[in-house]
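Taking my numbering, the leading residue of the sequence shown gets 74, the next gets one more, and so forth.
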Amino acid sequence: RLYKKIRGMVWWLPFTRDGNYIFEGNVKVGGKINGIDINEQRAHLLFGYNAQINAFEETITEYAKTVDGLGNEYGYRIMRAGRVTGISYTYTCNSTAGQSELNAIVLKNGVATDVVVSDTPTAGAGKGGYCLSNTVTFVAGDLLSVEIELYNKYGGVTVSEFAIMVEIQYGG
74 RLYKKIRGMV WWLPFTRDGN YIFEGNVKVG GKINGIDINE QRAHLLFGYN AQINAFEETI
134 TEYAKTVDGL GNEYGYRIMR AGRVTGISYT YTCNSTAGQS ELNAIVLKNG VATDVVVSDT
194 PTAGAGKGGY CLSNTVTFVA GDLLSVEIEL YNKYGGVTVS EFAIMVEIQY GG
């Protein structure tokens, strides 16, 4: 407890010496705490794909797997309303020739959204990128998944070892 003398009177203030407030009862906050809006919490949905994808003068699409390795087109069923705020990925490009493009696309209820991260594969590990520019809203019960799209023209390309993270924000 901290005591302070104001105009000759000693007052007890419920603060500790390090500036924290001591609450004795229930607390209801309708705004921000230390600059963080508690109504806007973020979470991350993790996807991956641990096999090679080969494209030779064609476009190949695969569904990313959820964190437990489940490989279906459904992904995660969302529990609260919110929005997708970003996507990022890393991958390994095993070989490339010709013109290629690699996209990871967020799907909402099986339909492609504008939340897409794109890269031009070049040989090596640790390739990837992120996208924070587009958002898509969702409601409780919607399904969010990720589709990997590999395009190649004039040659061939092989990629593997995907780690994909989709950022979502609840509330707000």
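Built from N, CA and C at the ideal position, the CB exists for glycine as well.
First through last residue of the beta strand (DSSP E) which encompasses ILE151
Unbroken run through ILE151: none, as it is neither H nor E.
I need the straight-line Cα distance from ALA137 to ASN99, nearest angstrom please.
43 Å
Considering only residues of the same chain and omitting the five flanking positions on each side of ASN160, which have a CB-CB separation below 8 Å?
Here residue 160 is Ile; the residue named in the question, Asn, does not match the sequence. Cβ within range, chain order: ALA177, VAL179, VAL188, VAL189, VAL190, TYR203, CYS204, VAL219, ILE237, MET238, VAL239 and GLU240.
Per DSSP, the bridge partner or partners of ASN127:
THR231
Between GLN242 and ARG156, how many whole angstroms is the CB-CB distance? I'm expecting something under 8 Å.
6 Å
Decide if VAL184 is buried, meaning its Cβ has at least 16 other Cβ atoms within 10 Å, or exposed.
exposed
Could you give the residue range of the beta strand (DSSP E) that holds GLY159?
155-181
Starting from ASP192, follow its DSSP beta bridges and name the residues at the other end.
LEU175
Take the Cβ of LYS181 as the centre, count every other Cβ of all protein chains shown within 10 Å, and call the residue buried at 16 or more, exposed below.
buried
Whole angstroms is fine: what's the gap from ASP192's alpha carbon to GLY103's?
41 Å
Which of the three DSSP states is assigned to THR132 in this structure?
strand
9 Å is my cut-off, CB to CB: does VAL140 come that close to chain C?
Of the chains in the structure shown, none is chain C; there is only one protein chain.
How about VAL212 and ILE133: are their beta carbons less than 9 Å apart?
no
Starting from the Cα of GLN172, find the closest Cα among GLU130, VAL232, ARG115 and GLY121 and give me that residue.
GLU130
When burial is assigned at 16 or more other CB atoms within 10 Å of the CB, is GLY148 buried or exposed?
buried
Rounded to the nearest angstrom, what separates LEU223 and LYS101 at their Cα positions?
49 Å
Which residue wins for smallest C-alpha separation from VAL232, given the options GLU174, LEU119, LEU118 and ARG80?
GLU174
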